[in-house]
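Written below as structure tokens is the structure these notes are about.
There are 2 protein chains.
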Amino acid sequence: MRNKTKLPTMADVANLAGVSSMTVSRALKPDTSVSKATREKIQKAADELGYVLDTRASEFSSGKSGFVAITIPSINNGNFADTVKAFSDGLVEQDLQVLLGYTNYHVDREEQLVEQLLKKRPEAIVVTGGMHTDRCRLLLENSGIPVIETWDIPEKPIDHVVGFSNLQASELMFEHFIAQGHTKIGFIGGDNSRDSRGRDRYLGFCNSMEKHGLSSDRVSFQELAPFSMEPGASGIRSIMKEWPDTQAVMCVSDLVAFGAITECQRMGMNVPDDIKIGGFGAYELGAFLNPSITTIDVCAAQIGKSAAEKIIELLSVDSDVKSEKIVKTEPTLIKRQSA
Amino acid sequence: MRNKTKLPTMADVANLAGVSSMTVSRALKPDTSVSKATREKIQKAADELGYVLDTRASEFSSGKSGFVAITIPSINNGNFADTVKAFSDGLVEQDLQVLLGYTNYHVDREEQLVEQLLKKRPEAIVVTGGMHTDRCRLLLENSGIPVIETWDIPEKPIDHVVGFSNLQASELMFEHFIAQGHTKIGFIGGDNSRDSRGRDRYLGFCNSMEKHGLSSDRVSFQELAPFSMEPGASGIRSIMKEWPDTQAVMCVSDLVAFGAITECQRMGMNVPDDIKIGGFGAYELGAFLNPSITTIDVCAAQIGKSAAEKIIELLSVDSDVKSEKIVKTEPTLIKRQSA
DNA sequence: CTTGCTTTTGATATCGATAACATTTATACA
DNA sequence: TGTATAAATGTTATCGATATCAAAAGCAAG
């Protein structure tokens, strides 16, 4: 069987090249003092054997793992994908790899995932949101590495934060609705116990309504993960059935808004003439749908970029330079056709 | 600084619990012979110290890494997300973690990624597609672990394959167009040198056209990654400009079809009355758009599931049971409104 | 060709866990 | 109660690379 054959080790390469394994170790990494002739000889031997460095041994020996971990709720979500992409891009220069895990919006799954990741001794860890199980929180606090919570501004941060107030961000949409003269406003959300960002957007709804003396009854909560569009369709159906005079509805994400808008069309309603629908997240599809989706841009990529920069700073040797614990990004309203 | 504080080791736990570190090692994994009293004592000590196992040492010592690697072209793609999700789900039972990397549809990036992943000594590796650099191919061949190519059926597979013929799959759509009596048919694709699956779908177009004596001129290739919708819009504009009498167009993915359909609407055309548009991949959004997108379902989740099953089989001790090298899935046409 | 310096290479200990084997303790049953 | 057997625990060597320190080789200038 193939995997019975033992893979060549550094010692094998050293033997073939007629040097010590220490010299091989040096030759295989850049900017180390090895003569050109030796380095070439070793490279040749390594190629001949098909040698691939065993980072497990390497990391173990040197004490550093060379990677950072990041957890996101869902792998199939344009917003988080943007964050992860910017995060990775920001770290390639530093020879830091990114280990990605997703939680499916479950704190229990997050706890399990964080533990698995910490066992691999990352040099830093980025998590999405500030909602964790007690044990997960403890694990992160005791991890001995920089921890960054993102996409949220937790009341009691574990360590560092790169995020924004989902509550304030969603208020932007409601103020927009109200400025247009609407008073019968609704909200379609998900499972507030599982998704703190969604919950905060709902709380923004409640806040805005209360501030203007409006009712915050017009609400539908749907089971979102792993799908979003069908729940958006169900949500708007249920709202229109119970409160047919609803004038404007904000959805917890553009994907939900997409389901809601297309369902309105199927019900024979015109968006935005008959009803305004707002989204959240500035997904690519929102710009192309007819009508295009009015949404909140939360700078998903910026979050990843800032998190990467923070990590580089925190891991640099002269990290006595105290960096700000909390980095805030500024969500903005993107006014398009749907609202 | 936090990360100067050394984390507790197994020896620390052993000391505190008054046992040997070997006993700690045993106590921390299930179904090993440790007395209940000792196990509890050790668990208590571990909790007290906030001990987290160092899998780097563990893997290194035991020789097995406990994870499998998978590479996909893009993290933000519903199809690949489905594959990865099914793949992960199929492996949790086996205590195998999944390490995910994405290539951005670049073979060079793939080569780099595969090398990085192999350095971590996974127990198996899954790659998307059969297009690799020579060196990447060599790395995989010499890796000593099971290799599974997916989403494609390469002419010369490296090892195992779970996939389907993109060429035949796309022909389903063109046969559908032709059965409806259309003769002026087009195709919107991406960069064929980077995406072999897209290229094969284009080749299916050429095949079908040739078979029925039709022109295969009506083609637009767009730069897709990392966006798909705007290219779809550009693509349909360019096709309609050059060949205004085009009756039906297939797009290389549902996301591109989305851009194309919505652009048709903006140009004042009705889909499907004025033009038929087909997609590929059966993405969630295709079912909800008005008109819903006629597409090819390629069973993305099934591919992940089969790959996971294959790996479990290949890694099991009694793997002299020779499994089929190639597993084929059967794409099907989903007839909806757009074509 | 020798002194003093830099560059290159080598020897050895080590990282933290586990495999393999050895030993002790508990348990069963004659 | 003693012996056979199983269960629990301990000891030692080891995985593959690298840090650290030591030695050798190369090189410039006198």
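The listed protein sequences correspond, in order, to chains F and S.
Residue 580 is where the first sequence starts when you use this note's numbering, and the numbers rise one by one after that.
Residue 580 is where the second sequence starts when you use this note's numbering, and the numbers rise one by one after that.
Just so it is clear, CB atoms sit at the ideal spot from N, CA and C, and this is done for glycine as well.
So for residue i, helix, strand or coil by DSSP?
i, result
"residue 911(F)", "strand"
"residue 919(S)", "Since the displayed chain S opens at 580 and closes at 918, residue 919(S) lies outside it and no answer follows."
"residue 583(S)", "Caution is warranted here: a pLDDT of 42 is assigned to residue 583(S), below 50, making its placement in the model unreliable, and the coordinate value is therefore given only provisionally. In the structure shown, residue 583(S) sits in a helix (DSSP, three-state: H, G or I)."
"residue 681(S)", "strand"
"residue 743(S)", "coil"
"residue 800(S)", "strand"
"residue 757(F)", "helix"
"residue 766(S)", "strand"
"residue 724(F)", "coil"
"residue 891(F)", "helix"
"residue 905(F)", "strand"
"residue 738(F)", "coil"
"residue 676(F)", "strand"
"residue 774(F)", "coil"
"residue 882(S)", "helix"
"residue 666(S)", "helix"
"residue 659(F)", "helix"
"residue 748(S)", "helix"
"residue 591(S)", "helix"
"residue 784(F)", "helix"
"residue 610(F)", "coil"
"residue 876(S)", "strand"
"residue 918(F)", "coil"
Contact check, residue i vs residue j under 8 Å by CB: the rounded distance?
i, j, result
"residue 842(F)", "residue 872(F)", "With 8 Å as the limit, residue 842(F) and residue 872(F) do not qualify as a contact, their Cβ atoms being about 14 Å apart."
"residue 536(S)", "residue 720(S)", "No answer is possible for residue 536(S): it lies beyond the span of chain S, which begins at 580 and ends at 918."
"residue 702(S)", "residue 868(S)", "No, residue 702(S) and residue 868(S) are not in contact; Cβ-Cβ is about 41 Å, not under 8 Å."
"residue 812(F)", "residue 838(F)", "4 Å"
So, using beta-carbon positions, are residue i and residue j closer together than 9 Å?
i, j, result
"residue 650(S)", "residue 694(S)", "no"
"residue 711(F)", "residue 904(F)", "no"
"residue 917(F)", "residue 818(F)", "no"
"residue 829(F)", "residue 756(F)", "yes"
"residue 724(S)", "residue 709(S)", "no"
"residue 883(S)", "residue 669(S)", "yes"
"residue 655(S)", "residue 660(F)", "yes"
"residue 831(F)", "residue 768(F)", "yes"
"residue 804(S)", "residue 630(S)", "no"
"residue 678(S)", "residue 696(S)", "yes"
"residue 911(S)", "residue 876(S)", "yes"
"residue 879(S)", "residue 915(S)", "no"
"residue 744(F)", "residue 779(F)", "yes"
"residue 704(S)", "residue 648(S)", "yes"
"residue 906(F)", "residue 742(F)", "yes"
"residue 665(S)", "residue 887(S)", "yes"
"residue 590(F)", "residue 600(F)", "yes"
"residue 606(S)", "residue 622(S)", "yes"
"residue 770(F)", "residue 800(F)", "yes"
Considering only C-alpha positions, which residue in the set the options is nearest to residue i?
i, options, result
"residue 794(F)", "801(F), 806(F), 812(F), 766(F)", "766(F)"
"residue 638(F)", "790(S), 833(S), 700(S), 813(S)", "700(S)"
"residue 748(S)", "726(S), 787(S), 715(S)", "787(S)"
"residue 596(F)", "625(F), 612(F), 585(F), 586(F)", "625(F)"
"residue 737(F)", "715(F), 779(F), 752(F), 750(F)", "715(F)"
"residue 889(S)", "598(S), 673(S), 603(S)", "673(S)"
"residue 822(S)", "665(S), 853(S), 763(S), 862(S)", "763(S)"
"residue 864(S)", "844(S), 836(S), 885(S)", "836(S)"
"residue 753(F)", "609(F), 735(F), 741(F), 789(F)", "789(F)"
"residue 691(S)", "585(F), 636(F), 671(F)", "671(F)"
"residue 750(S)", "820(S), 834(S), 783(S)", "783(S)"
"residue 854(F)", "834(F), 870(F), 827(F), 610(F)", "827(F)"
"residue 921(S)", "644(S), 653(S), 614(S)", "Residue 921(S) lies beyond the residue range present for chain S, which begins at 580 and ends at 918; the question has no answer from this structure."
"residue 908(F)", "586(F), 682(F), 730(F)", "730(F)"
| request: Enumerate, from N- to C-terminal direction, the unbroken alpha helix (DSSP H) stretches of 4 or more residues contained entirely within the region 813–868 of chain F. | output: Fully enclosed alpha helix (DSSP H) runs of no fewer than 4 residues occupy 833–845, 863–867 of the region 813–868 of chain F, in order along the chain.
| task | Output the residue ranges of the alpha helix (DSSP H) runs that lie fully inside the region 616–642 of chain S and measure 4 residues or longer, sorted by chain position. | result | 634–641
| said: Quick check for students: name the residue ranges of the alpha helix (DSSP H) that lie wholly in the region 688–722 of chain F, counting only runs of 4 or more. | reply: 713–720
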